[in-house]
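Numbering (UniProt numbering), first residue to last: 1 to 932.
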């Protein structure tokens, strides 16, 4: 199907062949012409197809300057990388951890010298008999490739006779991390594994690994599996077992979400704990539990071990990632396998043996310990990782708040791809865990590195700094690039002290109104460099006190290979399908934030002026991701009222909030209108140019160069212009753009796209990161030289400790520490009860706020026949000041109440009506559902 949109020009020989082909039926031609727009549009709107349409950067092994067979320690990405999905619908079951479509399994290097000096942290136990040679080699690659290199692999050879398998075992035994124990005769799985446990038990206590994991000779670990689970158990000292989600692949494909977190549920009837779960050595020694040796329970050795540990009071938790790949073998292999020498045990036999666990309350449900205020922070863990830094020194840590597809997240993904192509071993960390959208980029991140982490998935908050420190030191990282992570900003003073040789580089994609902008400014003394996505943000930073020498401009860029001109048929279909208009209607797209600098409130006046000039066949599509409110921001209600007042509802469509397929609306548009006076080049402008749309824009320094030489139409409408004057100028320019003929429009589209590819594509812009890192190194070295020099008090850089202290005390005791609260209390009318609570919490400084509080003091039910809980509404409103769509915070669902100006209507999750557009405003708070 992609060939329909991307058709290469046939060569002469292929054209000759085409002439000799049999003519197609006229009926078939008619059907093809009718169906083509439908097929093209269905293909175009599908995200997966859109992404596969891009021309990948192919990195060939052995190319000039790249890795070769003679340099096994050089890292390389796959030449045909695939995303690593963690959902059954998208998971590619052939894309296992050591598949050719993954990054090199040599990403984490082993240090024999360090290994000789430290104790193994984890023992991997594998029993084998006549293993499939290729599968055993893959298992070995996933073990030797672990990010936690301080391991010992105890292989119990249960009387192997296969010559090929013996050759593989002999090769493995040469590695310092491998111990091979040989059975004289076939003992079976349980007895063989217990022999390995006996071997561990005979070790001196000070030399014994702290953790044990059983791995079959054809199963695979993700390369960060052991490190993540071990740190989870280290961080949760009451836990003795650690598991993960399981991918079953081979003869059967499925993804298992069950695990230790489900506790007693179904465990006696069915084993939902991964076979390769990690268990502490102390639990095995103290409990006396071992793998089952009774042939009656053949095939359930792990299951019986978990039940025994539970009976003795040992349990744990689950890392919410698919870190273990369990191979389901063909029937003939199963017959040869020592795991299938008999029938599976009856669950009734197991129930009889562990009947005590079925008793209510007998199962050891060990909840994770919640975070505590001012809890002691642990910086050092009692583990030493025998991981060798790469000889070329090419390492880097990228830190984000989440893996959501924000501008910061997409820029990090693009940086990762370029760095991996240059041989960098990159570690990527999210400091916040947000399911679904907060993990959206993880599949694509894993295309370029195995080393992807979500901090709250493994360690408690007090151990997060130590986990970050471990990642930096074990990987040999010298450069940390972070983007808009509040946690990292606030950790910077401490991280800089614990990691004095590490350069922290801040990358901002936001303007002066954001919290990250402020945090960046007050944290400058701890960063070697601050990168910004536009010169406009750079100027704001300098104006806020940042040193101009420490700021670099690195535009994030757009993916011009994902946005491309569409045919007339596709555009006509898009107009009809999305907007309900004909091909003859000129669609003008305005995509704008609601900040006043972008002049979104000018849009109705421009539409009216264009209509006054006699244009009638046009439609303006206004898209904004903002909701409005706050200083310097235009309310969306204000824009909608202006549209209604001018009777322009038939001329304007307004879309607020996120759109699933923004490229679809670009495909339906003919002209892109930019009203902003900002010098920034928005990503939507770049995408519109990549798609060849005609562009009409305010003449600003950031845009004039892009649209010069008849690429677009520039309008001299400075911020000093009145709305009426500016509207007339934009209407005139739009009239010119609408009047352009088809031929001239195609020529302009080609020029516009060429400029976008040359000046806005991330593949060109993001290559400047390495140059910025070199500047950061020079700046850091200079800082160290002058560190002890005497400064006047006025020259001292900002110390963020005071800011953090004030922020913490305001969060904890806002009512008692904020001057504004005391002043507002003097001005506000006297209230009691609920009104007083809302007044104290939200403040009452405007008539609108007073009306809002009044409506909640005596909340009226729009539907008297429906159940109504005013107190639930009022308690939820405390966390949603001034909102007319109030979400019910006593439930995890999307339920709530909406206000129509007179009364409140309760809605359930499926039927949010217009409140659906405000889902993103729901606080991340869950209150008790107890009625007060």
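All C-beta atoms, glycine included, are put in the ideal place defined by N, C-alpha and C.
Reduced DSSP secondary structure (H/G/I, E/B, other) of residue i
| i | result |
| --- | --- |
| residue 153 | strand |
| residue 262 | helix |
| residue 438 | helix |
| residue 182 | strand |
| residue 31 | Here the model assigns residue 31 a pLDDT of 43, short of 50, so the residue's position is not dependable, and the following value carries that caveat. The answer is helix: DSSP assigns residue 31 an H, G or I state. |
| residue 201 | helix |
| residue 395 | strand |
| residue 526 | helix |
| residue 588 | strand |
| residue 595 | strand |
| residue 650 | coil |
| residue 240 | coil |
| residue 850 | helix |
| residue 378 | coil |
| residue 177 | coil |
| residue 316 | strand |
| residue 483 | strand |
| residue 914 | helix |
| residue 568 | helix |
| residue 1020 | No statement about residue 1020 is possible, as the shown extent of the chain runs from 1 to 932 and does not include it. |
| residue 256 | strand |
| residue 906 | strand |
| residue 41 | With a pLDDT of 44 at residue 41, under the threshold of 50, the modelled position of that residue is not reliable, and the figure given next carries that caveat. In the structure shown, residue 41 sits in a helix (DSSP, three-state: H, G or I). |
| residue 278 | strand |
Alpha carbon of residue i to alpha carbon of residue j, nearest angstrom
| i | j | result |
| --- | --- | --- |
| residue 718 | residue 601 | 15 angstroms |
| residue 388 | residue 108 | 8 angstroms |
| residue 967 | residue 441 | In the structure displayed, the chain extends from 1 to 932; residue 967 sits before or after that span and is not available. |
| residue 335 | residue 249 | Because the pLDDT of residue 335 is 36, which lies under 50, any placement of that residue in the model is unreliable, and the question is left without a value. |
| residue 626 | residue 594 | 6 angstroms |
| residue 529 | residue 535 | 15 angstroms |
| residue 24 | residue 578 | Reliability of the predicted coordinates at residue 24 is poor, the pLDDT of 44 falling under 50, and no value is obtained from them. |
| residue 710 | residue 679 | 20 angstroms |
| residue 789 | residue 232 | Reliability fails at residue 789, whose pLDDT of 41 lies under 50, so the model's placement of it is uncertain and no value is given. |
| residue 278 | residue 423 | 32 angstroms |
| residue 769 | residue 554 | 7 angstroms |
| residue 194 | residue 205 | 18 angstroms |
Paired residues, beta bridge with residue i - DSSP
| i | result |
| --- | --- |
| residue 885 | 898 |
| residue 656 | 624 |
| residue 722 | The partner list for residue 722 (beta bridge, DSSP) is empty, contrary to what the question assumes. |
| residue 221 | 324 |
| residue 123 | 152, 212 |
| residue 245 | 322 |
| residue 619 | 587 |
| residue 677 | Looking at the DSSP assignment, residue 677 forms no beta bridge with any residue, so it has no partner. |
| residue 110 | 387 |
| residue 861 | 904 |
| residue 607 | In DSSP, residue 607 forms no bridge with anything. |
| residue 696 | 673, 713 |
| residue 250 | 328 |
Next item on the list: Decide yes or no for the touch test of the region 357 to 365 against the region 304 to 320: beta carbon pairs closer than 8 angstroms, at least 3 of them.
Entry: yes
Note to self: Using 8 angstroms as the cut-off, can you tell me whether the region 847 to 865 makes contact with the region 901 to 908, which would need three or more C-beta pairs spanning the two stretches below that distance?
What the structure shows: These segments touch.
Item checked: Cβ contact (3+ pairs, closer than 8 angstroms) linking the region 536 to 553 and the region 515 to 523 -> yes
Margin query: Going residue by residue through the region 489 to 558, where are the continuous beta strand (DSSP E) segments of at least 3 residues, counting only ones entirely within it?
Written below: 503 to 508, 529 to 532, 551 to 553
Notebook entry, point to check: Should the region 468 to 486 be called in touch with the region 127 to 146, which here means at least 3 C-beta pairs below 8 angstroms?
Noted result: no
Next item on the list: Report yes or no: do three or more beta-carbon pairs, one from the region 149 to 158 and one from the region 118 to 136, lie closer than 8 angstroms?
Entry: Yes, the region 149 to 158 is in contact with the region 118 to 136.
Notebook entry, point to check: Can at least three beta-carbon pairs, one atom from the region 670 to 679 and one from the region 581 to 595, be found at a separation below 8 angstroms?
Noted result: yes
Next item on the list: Please go through the region 710 to 781 and give each complete alpha helix (DSSP H) segment of 4 or more residues, from N-terminal end onward.
Entry: 723 to 739, 742 to 759, 762 to 765
Margin query: Quick test of the definition: if touching needs 3 or more C-beta pairs under 8 angstroms, does the region 551 to 564 touch the region 744 to 756?
Written below: yes
Notebook entry, point to check: Whole alpha helix (DSSP H) runs in the region 401 to 458 with 4 or more residues, listed along the chain?
Noted result: 407 to 421, 442 to 445
Check: On the three-pair Cβ rule with 8 angstroms, is the region 188 to 202 touching the region 286 to 293?
Finding: yes
Check: If you pair each beta-carbon of the region 638 to 649 with each one of the region 758 to 771, do three or more pairs fall below 8 angstroms?
Finding: no
Item checked: Segments assigned alpha helix (DSSP H), at least 4 residues, entirely inside the region 291 to 315 -> 301 to 311
Notebook entry, point to check: Pairing CB atoms from the region 294 to 307 with CB atoms from the region 269 to 279, are three or more of them under 8 angstroms?
Noted result: yes
Note to self: Can you confirm whether the region 156 to 163 touches the region 235 to 251 when touching is taken to mean that 3 or more C-beta pairs between the two stretches lie within less than 8 angstroms?
What the structure shows: Judged by Cβ distances under 8 angstroms, the region 235 to 251 makes no contact with the region 156 to 163, as fewer than three pairs qualify.
Margin query: So, does the region 457 to 464 touch the region 89 to 101, judging by three or more C-beta pairs under 8 angstroms?
Written below: no
Item checked: Segment contact flag, the region 829 to 842 with the region 868 to 880, C-beta cutoff 8 angstroms, min 3 pairs -> yes
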